[in-house]
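**Student:**
Chains as they are written, first to last, in our numbering: chain A, 1 to 268; chain B, 1001 to 1214.
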């Protein structure tokens, strides 16, 4: 009887593990597990931060191929209890292959706080954007935490031709009036910052004008450069804060209070 | 007159036999040439067909190939793979060029034999506008430094062959069942320096059948 049980469990183990070993193609867009992450987490963020006058959030990004470091990041953030949510600035994948998105999702899902993921230029490669859209959601999205609207944009213009508006000014314009009564402050988040290689630099200054139309524009957060940065890109006081890559083992913590905002770099 | 006829028929006969001799010599050389020509093209007739399931070359791949070497220990295949669309916009077709090497074949008796080790590599290309071999011109030179279109895989596997008795043959003279464990370039690059990824993440299991035609 015991022998039979062992044989049975061995067979089922082999069957399960062999199922996980079956791969059709790196770009097969065969998605298992949770999908629509951003929408679900935005609902949590908005509920958790409702009526809060101060919010604290983390920005990080460029976690491609840094699975161990991203796991350590999650453990580090989970030790704290002062963070409301995490913004991943894009590039969860390096090659745009389907598994990369699923692996990174599974790691980020271990966070105790909700998170959103922006689309990075590497995430667009191959069938990457189709996977991103399914697993995380629309490539342009917005949410309100406390009284701050976060506008998260796809700025990876070089990956597309002109049939895809990057950055999408229609989307930005709509966000100006969408839920207007619910926010007094604005933060823009994007993977590639203006004037960088990937940005549509023909409209960099127009982009800047659009951002300044928003009420209480605080600052913009970016990733992509794999280094920490803080730059007044248009010499008009609007700061662009760049988070480092996960491989360099650090992240940014922003605190927005009625008095203003502060930020710090945290190493793990 | 008689002499004249004789003389002429003799000359004619000589000429004819000479002509015939020449003609047969020419025909022989021609025959040989045609024979060699046919033989050379005959070498290109595939010796087997294959069906392979999974292995990062599509859901199902079908193809043909050639056995060669002293003990037929080498094998080259060309396969077309079908990849369903799953959560993407459209289904895709892939193509694989595969090189196999089986150093040993062991007779198991009763018509069975095994190749305890089959190894090799294959190149897979996927068709579609989303993929490129060389980065399109819009990128700065060497921006990504890899191809989304072509993947290189290495594999190890084993085989079991059943030799069909001559009077029972229908289309094949032998059927081989095989399985393989493979890994591709970008999965190996991903696993490098990461303990998070386990063998089940970067290894791929596939199964197949080979029909030996002759």
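For every residue, glycine included, the Cβ atom is placed at its ideal position computed from N, Cα and C.
Listed in chain order, which residues of the region 1152 to 1176 of chain B have Cβ atoms closer than 9 Å to some Cβ of chain A?
**Tutor:** Those residues of the region 1152 to 1176 of chain B that come within reach of chain A (Cβ to Cβ, closer than 9 Å) do not exist; the list is empty.
**Student:** Using only the alpha-carbon positions, how far apart do residue 185 (chain A) and residue 144 (chain A) sit?
**Tutor:** Residue 185 (chain A) sits at position 185 when you count from the first residue of the first chain. Residue 144 (chain A) sits at position 144 when you count from the first residue of the first chain. Taking the straight line from one Cα to the other gives about 9 Å.
**Student:** Quick one: which residues of the region 17 to 37 of chain A get their C-beta closer than 8 Å to a C-beta of chain B? List them in chain order.
**Tutor:** Residues passing the 8 Å Cβ filter: 17, 18, 20, 21, 22, 23, 24, 25, 26, 27, 28, 29, 30, 31.
**Student:** Taking DSSP as the reference, what is the three-state secondary structure of residue 211 (chain A)?
**Tutor:** Taking the first residue of the first chain as 1, we reach residue 211 (chain A) at position 211. Residue state, collapsed to three classes: helix.
**Student:** Taking residue 1131 (chain B) as the query, report the chain A residues whose CB atoms sit under 8 Å from its CB, ordered along the chain.
**Tutor:** Looking up residue 1131 (chain B) in the second chain gives position 131. What residue 1131 (chain B) touches in chain A: 27, 126.
**Student:** Would you mind working out which of A:142, A:218, A:34 sits nearest residue 261 (chain A), comparing C-alpha positions?
**Tutor:** Against the first chain, residue 261 (chain A) aligns to sequence position 261. Residue 261 (chain A) has its Cα closest to that of A:218, out of A:142, A:218, A:34.
**Student:** Under the three-state reduction of DSSP, which class applies to residue 174 (chain A): helix, strand or coil?
**Tutor:** Locating residue 174 (chain A) in the first chain gives position 174, where the first residue counts as 1. Residue 174 (chain A): helix per DSSP, three-state reduction.
**Student:** Expressed to the nearest angstrom, what Euclidean distance is found between the alpha-carbon atoms of residue 1059 (chain B) and residue 237 (chain A)?
**Tutor:** The residue given as residue 1059 (chain B) occupies position 59 in the second chain. The residue given as residue 237 (chain A) occupies position 237 in the first chain. Approximately 54 Å between the Cα atoms of the pair.
**Student:** Does residue 1104 (chain B) pass the burial test, meaning 16 or more other C-beta atoms within 10 Å, or should it be called exposed?
**Tutor:** As a working mapping, residue 1104 (chain B) is identified with position 104 in the second chain. Exposed, by the Cβ-count rule.
**Student:** Which residues of the region 1135 to 1148 of chain B have a Cβ closer than 9 Å to any Cβ of chain E? Give them in chain order.
**Tutor:** Checking the listed chains, one finds no chain E in this structure; the protein chains it contains are A and B.
**Student:** DSSP on residue 1116 (chain B), reduced to helix/strand/coil?
**Tutor:** Working through the second chain from its first residue, we reach residue 1116 (chain B) at position 116. It is a strand residue.
**Student:** For residue 1139 (chain B), which of helix, strand or coil comes out of DSSP?
**Tutor:** As a first step, residue 1139 (chain B) must be located in the second chain, where it is residue number 139. In this structure, residue 1139 (chain B) counts as coil in the three-state DSSP scheme.
**Student:** Let me know the beta strand (DSSP E) ranges lying completely inside the region 88 to 122 of chain A, each 3 residues or longer, listed in chain order.
**Tutor:** Whole beta strand (DSSP E) segments, 3+ residues: 115 to 117.
**Student:** Does the region 1134 to 1148 of chain B come within contact of the region 1081 to 1097 of chain B, defined as at least 3 CB pairs closer than 8 Å?
**Tutor:** No: the two stretches stay apart, fewer than three of their Cβ pairs being nearer than 8 Å.
**Student:** List, in chain order, every chain B residue whose beta-carbon is nearer than 9 Å to that of residue 95 (chain A).
**Tutor:** Taking the first residue of the first chain as 1, we reach residue 95 (chain A) at position 95. Simply 1144, 1146, 1148, 1186, 1189, 1190.
**Student:** Just to make sure I have the definition right: I need the residues of chain A whose C-beta is within less than 9 Å of the C-beta of residue 1203 (chain B). Which are they?
**Tutor:** One-based indexing of the second chain puts residue 1203 (chain B) at position 203. Those within 9 Å of residue 1203 (chain B) in chain A are 21, 23.
**Student:** May I have the straight-line CA-CA distance separating residue 290 (chain A) from residue 163 (chain A), to the nearest angstrom?
**Tutor:** Not covered by the structure: residue 290 (chain A). The range shown for chain A is 1 to 268.
**Student:** Taking beta-carbon pairs under 7 Å, can you tell me which members of the region 158 to 169 of chain A lie near chain B?
**Tutor:** Cβ contacts with chain B come from 158.
**Student:** Where DSSP assigns a beta bridge to residue 1183 (chain B), which residues make up the other side?
**Tutor:** Locating residue 1183 (chain B) in the second chain gives position 183, counting from the first residue. Residue 1183 (chain B) pairs with B:1154.
**Student:** Strictly under 8 Å for the Cβ-Cβ distance: is residue 65 (chain A) near chain B by that measure?
**Tutor:** Along the first chain, one-based indexing puts residue 65 (chain A) at 65. Interface residue, yes.
**Student:** Does residue 1123 (chain B) come within less than 8 Å of chain A when only Cβ atoms are used?
**Tutor:** Within the second chain, residue 1123 (chain B) is the residue found at index 123, counting from 1. Taking Cβ atoms only, chain A never reaches closer than 8 Å to residue 1123 (chain B), which makes this a no.
**Student:** Quick one: Cα of residue 1001 (chain B) to Cα of residue 1030 (chain B), how far?
**Tutor:** To locate residue 1001 (chain B), count along the second chain from 1; it is residue 1. To locate residue 1030 (chain B), count along the second chain from 1; it is residue 30. The predicted position of residue 1001 (chain B) is uncertain, since its pLDDT is 46 and thus under 50; a value taken from the coordinates is nonetheless stated next. Their backbone Cα atoms lie some 42 Å apart in a straight line.
**Student:** Quick one: Cα of residue 195 (chain A) to Cα of residue 73 (chain A), how far?
**Tutor:** Within the first chain, numbered from 1, the residue matching residue 195 (chain A) stands at position 195. Within the first chain, numbered from 1, the residue matching residue 73 (chain A) stands at position 73. Near 29 Å, if we compare the C-alpha coordinates of residue 73 (chain A) and residue 195 (chain A).
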